[in-house]
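Reviewing the structure listed below.
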Amino acid sequence: MNDQSDKLFAAKLGDMVSLCERDGTAQFSSFLDERQCAEAEMWCRKNTGGLRYMLWGGYENARRKMLAVYPDYCEEYIRDDFPMKCLTFSYRKEDKLTHRDFLGSFMAQQLKREAIGDIAAEEGTAQTFVSEVAARLIMSAVSKIGRVGVKISDDKPFELENAQKFQDISGTVASLRLDCVVGAAANVSREKAAALIRSDKVDVNHFPVSSVSHEVKEGDTLSVRGCGRYILSGINGSTRKGRIHINLKKYI
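Residue numbers for the sequence shown follow this note's numbering, so the first one is 93 and each next one is one higher.
Given below as structure tokens:
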């Protein structure tokens, strides 16, 4: 985000809080990407006062989520009130469909990205969370994804939480500085990693970091433009020469 979009985003969050305080009812955003979720989390910690808030994308480890701002009395059932639907797509196993295929078909219906949450696809089945309005449109207008015929239902539980696949990466680094960890993750030299960082091509936990000496912690998410997205999943002691064993997971 740039300064102008940051201000607009904060203004939208402020409007949600104002409406919740005025009407005493829960207010919901559209789907937010991971950086917006992190921004919303930080903003809400400081600005929601006596109200509660929750980020929810339909399942525990969702990447795209809606934000709810709500009074105390809504706490017990707030997850059920999020204005989203889980759509399940069934098709022949021999027909290979990807996240990109589904997203392209949805966008072809003039849906905005903010109406669409996570999309998970496996052999013969896919599931996605979308806004209630988007769900009605997709159910009535979509019969094919690309050239593949699909059947769509909106009454099945989400079952593809583990559809995301990872490549395991292990190695040793001189330290947990960002340039060292990016070098190991992306399989580039420390000098190349430093150049990527200084060129604002590296995000840590969805925010750009330009300091090569930033210390990476276990569980941090790294995005390296042109190389991929990684989680530092383990820090496992040191070698005799003092290098640090690390494990990473690369999104594939």
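Glycine is no exception: its CB is placed at the ideal position from the N, C-alpha and C atoms.
CB of residue i within 7 Å of CB of residue j, strictly
i: Cys-129; j: Lys-104; result: no
i: Val-265; j: Val-308; result: no
i: Ile-289; j: Leu-268; result: no
i: Asp-193; j: Gly-238; result: yes
i: Leu-143; j: Val-161; result: yes
i: Pro-175; j: Ser-121; result: no
i: Trp-148; j: Arg-127; result: no
i: Ile-327; j: Ile-338; result: yes
i: Met-108; j: Gln-119; result: yes
i: Gly-141; j: Lys-185; result: no
i: Gly-320; j: Lys-342; result: yes
i: Leu-340; j: Ile-261; result: yes
i: Tyr-165; j: Val-240; result: no
i: Gly-366; j: Pro-163; result: The question about residue 366 has no answer here: the residues shown for the chain are numbered 93 through 344.
i: Val-304; j: Ala-286; result: yes
Exposure label - residue i; buried when at least 16 CB within 10 Å
i: Arg-317; result: exposed
i: Ala-278; result: buried
i: Gly-275; result: buried
i: Phe-123; result: buried
i: Ala-132; result: buried
i: Ala-233; result: exposed
i: Leu-159; result: buried
i: Ala-200; result: exposed
i: Phe-299; result: exposed
CB contact below 7 Å: residue i versus chain B
i: Ser-232; result: Among the chains of the structure shown, chain B does not appear; only one protein chain is present.
Cross-strand partners of residue i (DSSP beta bridge)
i: Val-314; result: This sequence places Leu at residue 314; Val is not what is there. Bridge partners of Leu-314: Val-296, Tyr-322.
i: Ile-336; result: Val-265, Ser-330
i: Val-161; result: Gln-119, Tyr-145
i: Phe-258; result: Tyr-343
i: Glu-307; result: Arg-269
i: Ile-289; result: Its beta-bridge partners do not exist; DSSP assigns none.
Residues near residue i by beta carbon distance below 7 Å, same chain, minus five either side
i: Ile-344; result: Lys-257, Phe-258, Gln-259
i: Phe-250; result: Gly-150, Tyr-151, Cys-178, Gln-219
i: Ala-213; result: Leu-189, Thr-190, His-191, Phe-194, Ala-255
Own chain residues within Cβ distance below 8 Å of residue i, not counting five before or after
i: Val-301; result: Leu-270, Ile-289, Val-294, Asp-295
i: Asp-246; result: Lys-177, Cys-178, Leu-179, Thr-180, Ala-227, Met-231
Close Cβ partners of residue i (< 6 Å) along its chain, the five nearest in sequence each way excluded
i: Thr-220; result: Leu-179, Ile-211
i: Ala-226; result: Leu-203, Ala-207
i: Cys-136; result: Tyr-145
i: Ser-315; result: Asp-295, Arg-321
Open item on the list: So within the segment 176 to 242, which uninterrupted alpha helix (DSSP H) runs reach at least 4 residues, ignoring any that extend past its ends?
Closed with: Listed in chain order, the complete alpha helix (DSSP H) runs (minimum 4 residues) inside the segment 176 to 242 are 191 to 200, 224 to 233.
Checklist line | Complete runs of the alpha helix (DSSP H) confined to the segment 94 to 133 [at least 4 residues] | finding: Here the runs fully enclosed are 95 to 115.
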